[in-house]
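Chemist: This note's numbering puts the first residue of the sequence shown at 1270, with every later residue one more than the last. Built from N, CA and C at the ideal position, the CB exists for glycine as well. I'd like to ask you about the structure that follows.
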Amino acid sequence: MKMRSRLLGIIALAAVSLAATHCRRTRQVPAATAPENPPVTETRKPPTPEQPPAAETRKPPAPEQPPATGTPKAAELPGFVLIPAGDFTMGDSLDGDKDARPHQVNVSAFYMGQKEVTKAEWDAVRTWAVSHGYADLAEGAGKAPEHPVQTVSWWDVVKWCNARSEQEELTPCFTVDGAVMRSGTTAPSVNWAVNGYRLPREAEWEKAARGGLSGKRFPWGDSISHTQANFRNDGEEPYQTGTTGFHPTYGTGSEPYTSPVGSFTANGYGLHDMAGNVWEWCWDWHGTYAFGVQTDPRGASSSSYRVIRGGSWYSYAVICRAAGRYGSYYPSSTTPDLGLRLACSSVPKQQPGAERTERNRK
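Here's what the structure looks like:
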């Protein structure tokens, strides 16, 4: 009996041992966790230090060209039009005018007043001027505030240009012995490079008057009528049409028969009254045109007369031509059909206070 019990115990012990072995063999043993590796040192290159922006290699934009229609550059110079640089034929041979021999002229860009200076504008500047050293600036005349000022001499208009320049804190163009011309009748020097107001040169005036047209009598074409300008139509020239005599609207009452500035359609550059209404003073002494191609001509070196252009309410059609010249006015002349239009060189306007004259600081 004892032997049987011992045998059963041995068998049981063997069974337990066998079961444990089987269990160890069949149980899934989790993989041993690999020891954490140290972080791998990055071998990539350090970031390239920030480079300054590369300079643009594209070409700078071309300077803006003025529109062919002469749209005013109001943001730059209100009331003015930028006349583009370029060549044109000055003078013509249409009507046998020997004083206007055709020749090629190159004109630099410049600004031209859209309208003739009004009596109201003249008065406003003169009021300022008489208290700032302009002792002999004429009152001028005008049929109404919006009509052109007239009865002003060449001396008057030069000084008025300087006064308006100083009033607007620009650099005056006209000087005598290095001082701003504010009085007197000494022929001044002119600085074309500064930004003040001035008279146009004769070549500038004619280029502006033509409005981009070539070989035409007038700023709009070859014929003229009272629908286009304020002039005296005697009916004799073959290129006159319509009503005759003085202008039927403005030729009433007492002289002068001026019209409000800007009453007629502008030319191709946007300029009004480039034929008729009032004559307009130019810078130049009157003289014979030079031969050959000219660049920015400034007229004769001396003469007895200053150039006037454009004709007036009293002028016949032949005198109102774009090429028409009439040089028999002394600088001291004043008539009720003689006024002015401003020009300005094509340079930026100064900011207020950038370059005032000593007198203007006081």
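Drop a sphere of 10 angstroms on the beta-carbon of valine 1374, count the other beta-carbons inside from all chains shown, and report buried for 16 or more, exposed for fewer.
Modeler: buried
Chemist: For tryptophan 1658, tell me which candidate among Gly1596, Pro1529 and Gly1520 has the shortest Cα-Cα distance.
Modeler: No answer is possible for residue 1658: it lies beyond the span of the chain, which begins at 1270 and ends at 1631.
Chemist: Whole angstroms are fine: how far does the CA of phenylalanine 1500 sit from the CA of tyrosine 1583?
Modeler: 6 Å
Chemist: What did DSSP end up calling glutamate 1549 once you bin it into helix, strand or coil?
Modeler: strand
Chemist: Using only the alpha-carbon positions, how far apart do aspartate 1503 and glutamine 1497 sit?
Modeler: 15 Å
Chemist: When you compare only the Cα positions, how much space is there between alanine 1393 and asparagine 1464?
Modeler: 20 Å
Chemist: In whole angstroms, give me the CA-to-CA distance for glutamine 1243 and leucine 1611.
Modeler: Nothing can be reported for residue 1243, as the shown portion of the chain is limited to 1270 through 1631.
Chemist: Could you tell me the distance, in whole angstroms, from the CA atom of leucine 1540 to the CA atom of proline 1414?
Modeler: 20 Å
Chemist: Look at arginine 1395 and tyrosine 1558 and say whether their C-beta atoms are less than 8 Å apart.
Modeler: no
Chemist: Can you tell me whether glycine 1566 is buried or exposed? The criterion is at least 16 other CB atoms within 10 Å of its CB, across all chains shown.
Modeler: According to the sequence provided, residue 1566 is proline. The question's glycine does not apply to it. The residue in question, proline 1566, is buried, as its Cβ has 16 or more Cβ neighbours within 10 Å.
Chemist: Given 7 Å as the limit, tell me if serine 1573 has its C-beta closer than that to any heavy atom belonging to the ligand ATP.
Modeler: Among the components modelled here there is no ligand, and therefore nothing to report on the ligand ATP.
Chemist: Pick helix, strand or coil for threonine 1603, following the three-state DSSP scheme.
Modeler: coil
Chemist: List, from N- to C-terminal side, the alpha helix (DSSP H) runs of 4 residues or more that fit wholly inside the stretch 1477-1550.
Modeler: DSSP runs (the alpha helix (DSSP H)) wholly in the stretch 1477-1550: none.
Chemist: Identify whether arginine 1467 lies in helix, strand or coil by the three-state DSSP scheme.
Modeler: strand
Chemist: Mark phenylalanine 1211 as exposed unless 16 or more other C-beta atoms lie within 10 angstroms of its C-beta, in which case mark it buried.
Modeler: Since the first residue of the chain shown is 1270 and the last is 1631, residue 1211 is not available in this structure.
Chemist: Looking only at C-alpha atoms, which of Pro1469, Gly1411 and Val1530 sits nearest to valine 1376?
Modeler: Pro1469
Chemist: Thinking C-beta only, is proline 1605 closer than 8 Å to alanine 1544?
Modeler: no
Chemist: Cα separation between tyrosine 1598 and glycine 1511?
Modeler: 31 Å
Chemist: Please check the pair glutamate 1549 and glycine 1608, which I expect to be a contact at CB under 8 Å, by giving their CB distance rounded to whole angstroms.
Modeler: Between glycine 1608 and glutamate 1549 the Cβ distance is about 6 Å, and since that is below 8 Å, they are a contact.
Chemist: Give the range of the beta strand (DSSP E) segment to which asparagine 1692 is assigned.
Modeler: Only positions 1270 to 1631 of the chain appear in the structure, and residue 1692 is not among them; the question remains open.
Chemist: If tryptophan 1474 sits next to cysteine 1589, beta carbons under 8 Å apart, how far is it from one beta carbon to the other, in whole angstroms?
Modeler: No, tryptophan 1474 and cysteine 1589 are not in contact; Cβ-Cβ is about 13 Å, not under 8 Å.
Chemist: For a test of the three-state rule: what should DSSP assign to aspartate 1368, helix, strand or coil?
Modeler: helix
Chemist: Within the same chain, show all residues whose beta-carbon is closer than 6 Å to that of glycine 1411, passing over the 5 residues directly before and after it, in chain order.
Modeler: Listed in chain order, the non-local C-beta contacts of glycine 1411 below 6 Å within the same chain comprise Lys1388 and Val1418, local neighbours out to five positions each way being set aside.
Chemist: Taking 6 Å as the limit between beta carbons, can you name the residues of its chain near alanine 1535, skipping five residues before and five after?
Modeler: His1541
Chemist: For proline 1441, I'd like the list of residues in its chain whose CB is within less than 7 Å of its CB, leaving aside the five on either flank, ordered along the chain.
Modeler: Asn1431, Ser1434, Glu1435, Val1449 and Gly1465
Chemist: Restricting to Cα atoms, I'd like to know which of Thr1455, Pro1457 and Ala1477 is closest to alanine 1354.
Modeler: Ala1477
Chemist: Less than 6 Å between C-beta atoms, sequence neighbours within five positions excluded: which residues of the same chain meet that for alanine 1592?
Modeler: Gly1360, Asp1361 and Ala1369
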